[in-house]
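Colleague: First the structure, then my questions, so here it is.
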Amino acid sequence: MSGPAPTPTPEASKDSSQLRQKEMIARHFDRLAAAPETGEKTAYTFVPGNLSELLLSFDVLPVLPEINSLQSAMRGRSADYISLAEKLGHSEDVCTYVKSDIGMLKSGNIGPTGQRLPNPDLLLLSYTGCFTFMKWFELLAQEYQAPVTMLQVPYQADGRITDDMRRYVVDQLRRKVIPTLEQVTGRAYDEDRLRECLALSAQAEDDLVAVLRAARHRPSPIDAYFGAVYYVGPIFSSFRGTRAAVDYYRALREEIEQRMAHGLGPVTPEGEMGAERFRIVVEGPPNWTSFRQFWKMFSDEGAVCVASTYAKVGGMYDLGFRHDPQRPLESLAEYCLGCYTNLSLPTRIDLIVRYLEEYEADGFLINSVKSCNSFSAGQLHILREVEARSGRPGGFIESDLVDPRYFSAANIKNRLESYFQMLQQKSRNPNPVAAS
Amino acid sequence: MSTPPLAELVARAEALYLDYRLGAVREWKRKTGGLAIGYMPIYVPRELLHAQGVLPVGVMGGREDLEIIKGDAYYQSYICHIPRSTIELGLNGSLDPLDGMLFPAICDVIRNLSGMWQSLFPDKLAHYLDLPQDFDPELGGRFYRHDLERLSASLVERGARPLTSEALARSIELYNAERREVRALYELRRTQPWKLPTHELYLFLRAALVLPVEESTELFRQYRQAVLDDPGRKPLDQARVVLTGSFCEQPPLGLIKTLERAGCSIVDDDFVQVLRFIRSDIPVGDDPLGALVHAFLTDAMASPTRYVDRGRKGAELVQRVRACGAEGLLFCAPSFCDPALLDQPMLVKAVEAEGIAWTAFKYAENSGQFQVIREQAGTFADSIKLWSNA
Ligand code: SF4
Ligand code: SF4
């Protein structure tokens, strides 16, 4: 999965929450780098539907290969890694996250902070919303001696979680995942500890939702697509269930509420954004190789993303889900089942239509990434259905996550400019017939 | 029972293969008034549908002759071809005789197609068959069984007979008989490939997808008999190869013919896997539904769409190459097919470790030009023959 959590860009104006996040990430990578000496156990695992609290309750440190891939892209390394993987026989047709990770691994496994990542003690394959995860870990299983434990998360094909699905996940947690963690760490499962972590998760989740909902305000104090990748970073990755995450989200919420009170818009990598001209909902992951350039194409036009599906790949908190310490394993199961790419296409369509209304957006844009069939297969259908149901115009651009060969800046800029022009005309002449 | 002449059987199989509009299914429905349910490639438990009086119908996308008018508007260029041809067939009315579709959990494209089907054809059944990737009977097995019970109940809601153990036991026996016939054909091709060119066998595999199992089994039997009786087919000097990777979107028939003309004798393949996905007879016992589930958990082919939780990746492929005495391996996958292409480096590693020669290329179901592949396969076949004659 295209999971967020890039290191905050150095040039961005530094709010205290951003500094805090940067420190959290640095500390985490220090611990990872030192793990071979300290003996701390590490598990490689994925972003969507991750079992952070459970790992935390065993004091296992997560390594998230997707994050490594996107970090490699932001640091300009992914092109070399992908090309190395292709030289080693990986097809040009498949997900570039996998190839970037394999290339990084074959180049010494140096992580985003320049330190070597430790080999895993466990490959925890919890695959929510994408089959590529399964293949990815079959590939990694050939590289490492670590045991692999797999958690299959059923797909919400009919738009709901059934008792059978929940039970299947819980049973796998009880009978496979937890015993493997006990074996790897030599420690017994501690449900009280897990409950404590889940309670902390829920607190942070409340504050994250308040931040995301701030985009309903005019002007929106946040960018809920580009900006949100920073906001969701800690909760989607290694920090959910920690006190540090609770403190981070409290600080972030306060900052955002202050911005809102002062009528300020989002902060972009170039500084404060100008007047809000367009409010946009975005579907699909961002491009990481030209992230800032991509964001600037929006902010230069006064376009603010007020909601995005990408900010939900690691959990649908805004729809009310919270980790629940009273039902620890059931709640972990519901979390895994509920992540965005595990939703059926009709549910995804409903959600985007709902965002358009709730956030009073002028239109929506789909960034279709070549890598990711989980997101992309069906997006043209989503485009038509959402347009038909909401009456608001949709735009469609194509790029990739971490392969710079598929980010054609001029082409994307052209398309975005025409799209914004069209929104502009439509706002002058709201009669849909004339506008279309 | 007398066997119709080979040419007549081939013509019948070809006509069934070519008929996008599912004339045989329309005819079956007219005669029986039963439900017909389509399914996407690789595997669905056809026995369950049959036991409820439903005709399972395999939908394998299009060919080079299907004009895609609407389907392309649903898919970006970097997505494989089969979903767009399937949408095309749905929208142009070819699939009208189907009362629903099953979408087995094989990849994200098929998964998302299940949702598109729900919204494009709201009156039809669209069931996502969430096949387990955990093969413990108490975990994946129990989940899968419940999913099958849910599917069975949905069929009843649409007018199918309720499922009974007796009927399911009988259906399993019928499909066992079909599996035996298919195994026998594959065995015959393994031992005397010149008698059974793959481009011809393939037509029968495809024809079986639109026929009731009783008829497809008989068609396979007749074909085998006719081939055995035919004195005209003589051994050819060709390289024996296994073809892998074509388990979902199918290659155009022209591609199979091209490979054969280039000197490759295909002695094992991944085509139309639903007919062989369960490798042996399913022992019925006193819990036929349990037997169906158990067969999926323990006796299915090592498909790239199944998680390898134990054993060595590629071990089964190596074993298949060895078992059929093949001299080489063709990786022949659809462009943009994630399961096939993500698997390929691991399989390459496994076969190289065994010193098995291989080559790889990609196709789309609607490809019409095979010049490059012809040269590649020809060179490969020549090098194998040279090597084995050295
Ligand atoms: S296919 Fe998509 S969801 Fe899956 S690993 Fe790649 S980017 Fe992530
Ligand atoms: S051809 Fe491959 S990617 Fe396409 S639908 Fe079939 S299995 Fe999925």
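If you're matching them up, the sequences are chains A and B in order.
Just so you know, the first sequence maps onto residues 1 to 436 in my numbering.
Just so you know, the second sequence maps onto residues 437 to 826 in my numbering.
Glycine included, C-beta positions come from ideal geometry on N, C-alpha and C.
For clarity, every value in this text was computed on a predicted model and none was experimentally measured.
Would you decide whether Q172 (chain A) is buried or exposed? Buried here means 16 or more other CB atoms lie within 10 Å of its CB.
Modeller: Buried is the call here.
Colleague: When the cut-off is 7 Å and only beta carbons count, does A131 (chain A) lie next to chain B?
Modeller: Contrary to the premise, residue 131 (chain A) reads as Phe rather than Ala in this sequence. Taking Cβ atoms only, chain B reaches closer than 7 Å to F131 (chain A), which makes this a yes.
Colleague: What does P118 (chain A) pair with, by DSSP beta-bridge criteria?
Modeller: Answer is none; P118 (chain A) lacks a bridge partner.
Colleague: Are the C-beta of S550 (chain B) and some C-beta of chain A separated by less than 7 Å?
Modeller: It does: the Cβ of S550 (chain B) has a partner Cβ on chain A nearer than 7 Å.
Colleague: Specify whether the segment 255-275 of chain A and the segment 342-350 of chain A touch according to this definition: at least 3 beta carbon pairs, one from each stretch, less than 8 Å apart.
Modeller: Too few Cβ pairs lie closer than 8 Å, so no.
Colleague: Please check if any C-beta of chain B sits within less than 7 Å of the C-beta of Q152 (chain A).
Modeller: Yes, Q152 (chain A) lies at the interface with chain B (some Cβ there is under 7 Å from its Cβ).
Colleague: Would L198 (chain A) and H323 (chain A) be called neighbours here (beta carbons separated by less than 7 Å)?
Modeller: In contact: L198 (chain A) and H323 (chain A) (Cβ atoms closer than 7 Å).
Colleague: Could one say the Cβ of V744 (chain B) lies closer than 7 Å to chain A's Cβ atoms, at least one of them?
Modeller: By this cut-off, V744 (chain B) is an interface position.
Colleague: Could you list which residues in chain B have their beta carbon closer than 8 Å to that of M134 (chain A), in chain order?
Modeller: Result: Q569 and Y743.
Colleague: Select from A:L319, A:L32, A:L64 and A:A85 the residue whose C-alpha is nearest the C-alpha of Y44 (chain A).
Modeller: Nearest option by C-alpha distance: A:L64.
Colleague: R758 (chain B) to I702 (chain B), Cα distance in whole Å?
Modeller: Near 14 Å, if we compare the C-alpha coordinates of I702 (chain B) and R758 (chain B).
Colleague: Report the residues of the segment 667-687 of chain B with a CB closer than 8 Å to any CB of chain A, ordered along the chain.
Modeller: Flagged: no residues at all.
Colleague: With distance defined between alpha-carbon atoms, name the residue in A:L122, A:L123, A:L105 and A:L124 nearest to Q115 (chain A).
Modeller: The shortest Cα separation from Q115 (chain A) among A:L122, A:L123, A:L105 and A:L124 belongs to A:L105.
Colleague: Would you say G494 (chain B) and I518 (chain B) are within 7 Å of each other, going by their C-beta atoms?
Modeller: Contact flag unset, no.
Colleague: What in chain A is Cβ-close to L485 (chain B), meaning under 9 Å?
Modeller: Result: empty, since nearest Cβ-Cβ is about 18 Å, beyond 9 Å.
Colleague: Is the segment 58-77 of chain A close to the segment 323-342 of chain A, with three or more CB pairs under 8 Å?
Modeller: Taking 8 Å as the limit for Cβ pairs, the verdict is that the segment 323-342 of chain A does not touch the segment 58-77 of chain A.
Colleague: Measuring straight from C-alpha to C-alpha, what distance separates E811 (chain B) and L549 (chain B)?
Modeller: Taking the straight line joining both Cα atoms gives about 36 Å.
Colleague: Distance cutoff 7 Å, beta carbons only. Does F797 (chain B) sit that close to anything in chain A?
Modeller: Not one chain A Cβ lies under 7 Å of F797 (chain B).
Colleague: When you compare each of B:Q709, B:G507 and B:L587 to M552 (chain B) by their alpha carbons, which one comes out closest?
Modeller: Cα-wise, what sits closest to M552 (chain B) is B:G507.
Colleague: Do T309 (chain A) and E283 (chain A) have their beta-carbon atoms positioned less than 7 Å apart in this structure?
Modeller: Yes, they are a contact pair.
Colleague: By how many angstroms is the C-alpha of C700 (chain B) removed from the C-alpha of V47 (chain A)?
Modeller: Cα-Cα distance, rounded: 45 Å.
Colleague: Of all the CB atoms in chain A, is at least one closer than 7 Å to the CB of Y479 (chain B)?
Modeller: Closer than 7 Å: no.
Colleague: Just to confirm, does I523 (chain B) get its C-beta within under 6 Å of one of the non-hydrogen atoms of ligand 2?
Modeller: I523 (chain B): no, Cβ never under 6 Å from ligand 2.
Colleague: Name the two residues that bound the continuous alpha helix (DSSP H) containing V153 (chain A).
Modeller: It is not in any alpha helix (DSSP H) - V153 (chain A) carries neither H nor E in the DSSP assignment.
Colleague: Could you tell me which chain B residues have their CB closer than 7 Å to the CB of S86 (chain A), listed as they occur along the chain?
Modeller: The displayed chain sequence assigns Glu, not Ser, to residue 86 (chain A). In chain order: nothing, as chain B lies at least about 10 Å away.
Colleague: Going by other Cβ atoms of all chains shown within 10 Å of its Cβ, with 16 needed for buried, is N373 (chain A) buried or exposed?
Modeller: Per the 10 Å Cβ criterion, buried.
Colleague: For A447 (chain B), does the count of other Cβ atoms within 10 angstroms reach 16, so buried, or fall short, so exposed?
Modeller: Flag for A447 (chain B) reads exposed.
Colleague: I'd like to know whether the C-beta of L778 (chain B) is nearer than 7 Å to at least one C-beta of chain A.
Modeller: Chain A, which has a Cβ nearer than 7 Å to the Cβ of L778 (chain B), makes this yes.
Colleague: Does at least one heavy atom of ligand 2 sit under 6 Å from the Cβ of C95 (chain A)?
Modeller: For ligand 2, not one heavy atom lies less than 6 Å from the Cβ of C95 (chain A).
Colleague: For the segment 368-395 of chain A, enumerate the residues whose C-beta is nearer than 7 Å to any C-beta of chain B, in chain order.
Modeller: The segment 368-395 of chain A vs chain B, Cβ under 7 Å: S368, K370, N373, S374, S376, A377, G378, L380, H381 and E385.
Colleague: Please confirm if Q424 (chain A) has its CB atom under 7 Å from at least one CB of chain B.
Modeller: Closer than 7 Å: no.
Colleague: Helix, strand or coil for G395 (chain A), going by three-state DSSP, please let me know.
Modeller: Strand at G395 (chain A).
Colleague: Between the C-alpha atoms of V744 (chain B) and F571 (chain B), what's the straight-line distance to the nearest angstrom?
Modeller: Cα to Cα, V744 (chain B) sits roughly 10 Å from F571 (chain B).
Colleague: Use the C-beta contact count for E66 (chain A): other C-beta atoms within 10 angstroms, 16 or more gives buried, fewer gives exposed.
Modeller: E66 (chain A) comes out buried.
Colleague: In the DSSP assignment, find the unbroken alpha helix (DSSP H) run with D704 (chain B) in it and report its ends.
Modeller: That residue, D704 (chain B), is in no alpha helix (DSSP H); its beta strand (DSSP E) goes C700 to D704.
Colleague: Does P346 (chain A) get closer than 7 Å to chain B when you measure Cβ to Cβ?
Modeller: Closer than 7 Å: yes.
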